[in-house]
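Working notes for the structure below.
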Amino acid sequence: MPLAAETRSTPAGGPRVAGVRRLLQSPELSAILIQHAYRGLRVQFVLRILLFAFMALAIAAVPPVHGRAGAAVLIGGYACWIAALAIWARQGGVGPVRWMWLALVVDVAVLSALTLIAGASDQITWTADLLVNGFFVIPVLAATQLRPGICAAVAGAATLAYLAASVATKAPNTEPWGSVLLRAFVFAAVAAACFGLSRVQLSRVLTIGQLAQQRTALLGELMGLEARERTLLAEQLHDGALQYVLAARMDLEDLPADGGSETRARIAHALAESGALLRETVTQLHPAVLEQAGLARALHELGDGMSGRGGLRVTVETDAWPEAATGWDALLYGSARELLANVAKHARAATAAVSLSSRDGNVVLVVADDGVGLSETARQARLAEGHIGLASLQTRIAAASGELVIEPGRPRGTTVTIMVPLA
1 MPLAAETRST PAGGPRVAGV RRLLQSPELS AILIQHAYRG LRVQFVLRIL LFAFMALAIA
61 AVPPVHGRAG AAVLIGGYAC WIAALAIWAR QGGVGPVRWM WLALVVDVAV LSALTLIAGA
121 SDQITWTADL LVNGFFVIPV LAATQLRPGI CAAVAGAATL AYLAASVATK APNTEPWGSV
181 LLRAFVFAAV AAACFGLSRV QLSRVLTIGQ LAQQRTALLG ELMGLEARER TLLAEQLHDG
241 ALQYVLAARM DLEDLPADGG SETRARIAHA LAESGALLRE TVTQLHPAVL EQAGLARALH
301 ELGDGMSGRG GLRVTVETDA WPEAATGWDA LLYGSARELL ANVAKHARAA TAAVSLSSRD
361 GNVVLVVADD GVGLSETARQ ARLAEGHIGL ASLQTRIAAA SGELVIEPGR PRGTTVTIMV
421 PLA
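Under the UniProt record's numbering, the first residue of the sequence shown carries the number 1, and numbering increases by one thereafter.
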């Protein structure tokens with residue numbers, strides 16, 4: 001995409017923004033640039049429709065004596081051109097953002113041609129003098145582009161066209177040269193202001209994109225830190241507490257058979273449960289299956305491990321998942337683990353369902369339960385009590401350019417949907 005512009009740091013230490021082409025290599029920044037570019041295109045279409053209405057009303061209210069048919073054909077063709085541009089832009093993609101600047105050339109050409117047609121009747125009507133004011137819309141149209149270079153070129157061309165049209169209509173309406181030049185000066189000032197506005201808008205959009213990049217980088221560092229801490233804790237549990245439990249079980253087996261069968265059975269059961277819980281904790285803290293077999297398999301094992309807690313039955317559905325690794329596998333796994341843990345602790349649910357799918361370029365993770373539900377009031381109350389797990393999860397998902405939505409389940413319970421872009 002030739003959105004090639006570069007802003008330099010100011011002496012006051014303003015933000016330095018690198019070339020747009022290089023920054024567009026980042027999906028986050030590319031999406032932000034395209035989103036804001038389409039906002040500019042929507043404003044541009046509104047202004048272009050207003051320009052069309054101005055030209056049509058000018059011809060209708062003050063019709064030229066000569067060239068009415070040509071003016072009508074030109075205005076009708078311009079209307080069809082605007083409609084075709086709108087249909088093209090609605091298709092989305094990079095194409096309209098890349099090439100819509102050519103429409104600005106058409107705007108200047110149509111208005112110039114219409115002014116020349118009306119100029120043939122300038123000694124009789126004021127049509128051309130009225131139409132020449134429409135050139136003031138052109139620099140504003142160009143300012144909606146996030147491309148200061150194109151804005152400067154179009155605004156410069158519009159300034160020359162405005163001056164030429166003013167000179168062409170000078171003799172019939174006996175306007176003095178001073179008035180013509182002063183009006184051209186005002187037009188040039190408006191064009192310069194539009195160019196400056198375009199630069200400011202581009203700088204702001206790029207700053208937003210850079211902040212999004214930094215946020216994503218910080219999230220990656222945070223996730224890496226959490227993964228390292230969980231791995232370290234898992235190793236410590238495995239090499240420490242779990243080994244002591246296993247050693248105690250071995251010592252228990254060495255006890256004499258007459259050491260009290262009931263007591264022996266209770267101790268053996270307690271040690272077996274402790275060992276199983278420690279193994280489950282180690283697995284959840286550092287799921288090797290996530291790296292070896294992927295997110296879908298890791299979620300199935302997580303569901304199997306969570307089933308049985310408090311009578312909870314967990315089902316996992318990943319048939320709609322293409323088994324593709326994403327940059328958010330660890331985040332999604334951790335989110336599912338935290339949500340299922342909340343269900344087991346607080347929801348008083350009998351069943352929980354986890355589904356993983358890909359939809360419209362996003363990873364969609366849904367965790368639903370049939371428990372008591374979670375109202376907004378209850379969420380705020382738990383947050384006030386210091387339960388920040390869900391709020392922290394929402395922050396991490398938002399930092400990944402994703403969305404977390406909490407909705408009431410049907411007929412009861414809670415449904416949590418997480419969507420993050422495929423990366």
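Virtual Cβ for every residue (Gly too), placed ideally from N, Cα, C.
Note that the structure is predicted; figures quoted are calculated from it, not measured.
TODO: Taking only the alpha-carbon atoms, compute the straight-line gap between R297 and A368 and give it to the nearest angstrom.
DONE: Using only the alpha carbons, I get a separation of about 19 Å.
TODO: In angstroms with no decimal places, state the Cα-to-Cα distance between A265 and A344.
DONE: Each residue's Cα considered, the two are about 28 Å apart.
Task: 4 or more residues per run - each alpha helix (DSSP H) lying fully within the stretch 67-136 - done: Note on the stretch 67-136: whole alpha helix (DSSP H) runs with a minimum of 4 residues are 68-90, 95-99, 101-119 and 127-131, in chain order.
Task: N-terminal and C-terminal residue of the alpha helix (DSSP H) that A168 is part of - done: Here the alpha helix (DSSP H) through A168 covers P148 to A168.
Open item on the list: Between which residues of its own chain and A117 is the CB-CB distance below 6 Å, once the five residues before and five after are set aside?
Closed with: It should be pointed out that residue 117 corresponds to Ile in this sequence rather than to Ala. Hits under 6 Å: G67, G70 and A71.
Open item on the list: Rounding to the nearest angstrom, what Cα-Cα distance links L340 and M306 in this structure?
Closed with: CA-CA distance, L340 to M306, rounds to 7 Å.
TODO: Can you say whether A84 is buried or exposed, counting buried as having 16 or more other CB atoms within 10 angstroms of its CB?
DONE: Using a 10 angstroms sphere on the CB of A84, the tally of other CB atoms stays under 16, which defines it as exposed.
Open item on the list: Is the beta carbon of L197 closer than 8 Å to that of A143?
Closed with: The answer is yes: Cβ separation under 8 Å.
Task: Terminal residues of the beta strand (DSSP E) in which E317 lies - done: E317: member of the beta strand (DSSP E) spanning R313 to E317, first to last residue.
Open item on the list: Whole angstroms are fine: how far does the CA of L295 sit from the CA of Y333?
Closed with: Answer to the nearest angstrom: the Cα atoms are 7 Å apart.
Task: Which listed residue (G77, V65 and V366) has its alpha carbon closest to that of I418 - done: Of the candidates G77, V65 and V366, the one whose C-alpha sits nearest the C-alpha of I418 is V366.
Open item on the list: Can you find the residues in the same chain that come closer than 6 Å, C-beta to C-beta, to R199, ignoring five residues on each side of it along the sequence?
Closed with: Around R199: P148.
Task: V154 and V108 closer than 8 Å at C-beta - done: With respect to the 8 Å criterion, V154 and V108 are classified as neighbours on the basis of their beta carbons.
- [ ] Tell me whether the beta-carbon of L422 lies closer than 8 Å to the beta-carbon of T318.
- [x] Inclusion of L422 and T318 in the CB contact set at 8 Å is not warranted, their separation being larger than that value.
TODO: Please classify T127: is it buried, with 16 or more other beta-carbons within 10 angstroms of its beta-carbon, or exposed?
DONE: Per the 10 Å Cβ criterion, buried.
TODO: Please name the residue in V363, R348 and R309 whose C-alpha comes closest to that of A320.
DONE: Closest option to A320, judged by alpha-carbon separation, among V363, R348 and R309: V363.
- [ ] Would you decide whether A18 is buried or exposed? Buried here means 16 or more other CB atoms lie within 10 Å of its CB.
- [x] The pLDDT assigned to A18 is 47, lower than 50, so where the model puts this residue is not dependable; a value taken from the coordinates is nonetheless given after this. Flag for A18 reads exposed.
Open item on the list: Between L114 and L47, how many whole angstroms is the CB-CB distance? I'm expecting something under 8 Å.
Closed with: Rounded to the nearest angstrom, the Cβ distance from L114 to L47 is 17 Å, too far for a contact under 8 Å.
- [ ] Thinking residue 479 and V110 are a contact (beta carbons under 8 Å), I'd like their distance in whole angstroms, please.
- [x] Beyond the ends of the chain as shown, which are 1 and 423, falls residue 479; an answer cannot be given.
Task: Enclosing beta strand (DSSP E) for D369 [first to last residue] - done: Judged by DSSP secondary structure, D369 falls within the beta strand (DSSP E) whose first and last residues are N362 to D369.
- [ ] Alpha carbon to alpha carbon, how far is G373 from T414? Give it in angstroms, no decimals.
- [x] Here the alpha carbon of T414 sits roughly 5 Å from the alpha carbon of G373.
- [ ] Tell me whether P411 is buried or exposed, calling it buried when 16 or more other Cβ atoms sit within 10 Å of its Cβ.
- [x] Counting Cβ neighbours within 10 Å, P411 comes out exposed, since fewer than 16 surround it.
Open item on the list: Less than 8 Å between the C-beta atoms of V132 and I34, yes or no?
Closed with: Between V132 and I34, the C-beta gap is not smaller than 8 Å, which leaves the two residues out of contact.
Task: Collapsed DSSP secondary structure at P408 in the structure displayed - done: Correct three-state label for P408: strand.
TODO: Using the Cα positions of residue 450 and Q91, report the straight-line distance between them to the nearest angstrom.
DONE: The first residue shown for the chain is 1 and the last is 423, placing residue 450 beyond what the model contains.
Open item on the list: Closest to V316 by C-alpha separation, out of T351, P63, A192 and E385, would be which residue?
Closed with: It is T351.
Task: DSSP three-state assignment for T207, whether helix, strand or coil - done: Helix.
Task: Q380 burial status per 10 Å Cβ neighbour count (16 or more: buried) - done: Under this definition Q380 is an exposed residue.
Task: Closest Cα partner of S112 within the set W99, V94 and F136 - done: The shortest CA-to-CA distance from S112 to any of W99, V94 and F136 is the one to F136.
- [ ] Kindly indicate which three-state DSSP category S355 falls into: helix, strand or coil?
- [x] Note: S355 maps to strand in three-state DSSP.
Open item on the list: I need the straight-line Cα distance from Q58 to L130, nearest angstrom please.
Closed with: With the sequence shown as reference, residue 58 is identified as Ala, and Gln is not the correct amino acid for it. Cα-Cα distance, rounded: 7 Å.
- [ ] Quick one: measure Cβ to Cβ for L356 and L299, integer angstroms, because I've assumed they're closer than 8 Å.
- [x] Correct: roughly 6 Å between the Cβ atoms.
- [ ] Mind checking which residues open and close the beta strand (DSSP E) that includes T417?
- [x] For T417, the enclosing beta strand (DSSP E) stretches over residues T414 to P421.
Task: Beta-ladder partner(s) of E253, from DSSP - done: Beta-bridge pairing links E253 to no other residue.
- [ ] Determine the DSSP secondary structure at E376, reduced to helix, strand or coil.
- [x] Correct three-state label for E376: helix.
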